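Here the sequence shown is numbered in my numbering, starting from 3 and rising by one per residue. Using N, Cα and C, we set each Cβ at its ideal position, and we do this for glycine too. None of these values were measured; they are calculated from a predicted model. Down below is the structure, laid out as structure tokens.
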Amino acid sequence: MPRALKDLTVLVSAGPTQERIDPVRFISNRSSGKQGFEIARAAMDAGAKVTLVSGPVNLKTPDGIERVDVRTAAEMKSAVMSRIDKYDVFFAVAAVTDFQPKELLEQKLKRPHDPKKSELTIHLRTTDDIVHAVTAKRKRPYVVGFAAETNNIIQNAREKLKRKKMDVIVVNDVSDPTIGFEGDENQVTVVFPESERRLERQSKYKIAKKIIELVARALPRST
Ligand code: C5P
């Protein structure tokens, strides 16, 4: 399906977020950003105008894509929410870190010298859910969520699809250490409310192209 997203605007979130503990430390996750960047590239190749909101990653921005760099979940949320009204489709590929320290320490936390004081407690609270903020809007784009699951993959994905009011969810099984996260290949299932489609193991760009095709077919304008 060539130029399946012609004349559409697409916002993609990608990569991890980092939640600061003190000036030199943070909580984050293993997301490389590769799948999100490939979604952005495939959307552009399908004719869309694409903006990529990216957490800290080590990837080159594909030519022709506007990139907005963020670090924390809060920064990602404001980058997304301040732009979302101008977009037709939102691909929430980012692995937003679920917890952030309750307080940001101004000074670097010192390692205690007393061996009896070897324990440390950091209080965490959940970060805001960006997808949820988007789907709660009265005028909202078509929302494609992503999820990494280790068990009851499809059932958990369906539950998440409903709870977060997304239109589609792309789920991958991260119990297999050779796919997902840092790798160049992925294997996912694209879960719609009434159907699902398994995409066999292949490069993250090919996966992205197929996701774009499936989403383009499901968009309200082509029904
Ligand atoms: O519940 P879970 O984190 O697995 O949901 C994954 C989906 O929700 C992804 O699309 C991710 O980008 C999005 N998400 C979000 N904000 C969060 C956590 C997850 O937008 N704080």
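Query                                                                                                 : Result
Lining residues of ligand 1 - beta-carbon closer than 5 Å to any non-hydrogen atom, in sequence order : Ala94, Ala96, Val98, Thr129, Asp131, Ile132, Val133, Gly147, Phe148 and Ala149
Assigned secondary structure, Tyr144 (DSSP; H/G/I helix, E/B strand, else coil)                       : strand
Local conformation of Val133 per DSSP, three classes                                                  : helix
Which listed residue (Asp9, His134 and Leu111) has its alpha carbon closest to that of Thr123         : Leu111
Three or more C-beta pairs below 8 Å linking the stretch 97–116 and the stretch 154–162               : no
Three-state secondary structure assigned by DSSP to Ser97                                             : Residue identity differs from the one stated: residue 97 is Ala in this sequence, not Ser. Of the three classes helix, strand and coil, the one that applies to Ala97 here is strand, per DSSP.
Exposed unless 16 or more other CB atoms sit within 10 angstroms - verdict on Lys36                   : buried
Range covered by the beta strand (DSSP E) that runs through Asp71                                     : Glu68 to Asp71
Span of the beta strand (DSSP E), counted from its first residue to its last, around Gln189           : Glu187 to Val193
Nearest neighbour of Ala16, chosen from Thr74, Pro179, Ile23 and Ser120 [CA to CA]                    : Thr74
Spatial distance of Pro103 from Ala218 (CA atoms)                                                     : 39 Å
Below-7 Å beta-carbon distance, Thr191 vs any chain B residue                                         : Going by chain labels, chain B is absent from the structure shown, which holds only one protein chain.
Ser120 burial status per 10 Å Cβ neighbour count (16 or more: buried)                                 : exposed
Beta carbon of Phe194 nearer than 7 Å to that of Val170                                               : yes
Rounded separation between Leu126 and Lys8 - CA only                                                  : 43 Å
Those residues which DSSP pairs with Phe39 across a bridge                                            : Answer is none; Phe39 lacks a bridge partner.
Own chain residues within Cβ distance below 8 Å of Val136, not counting five before or after          : Val82, Met83, Ile86, Phe92, Ala94, Arg142, Pro143 and Val145
Test item: CB-CB of Leu10 and Ala50 under 7 Å                                                         : yes
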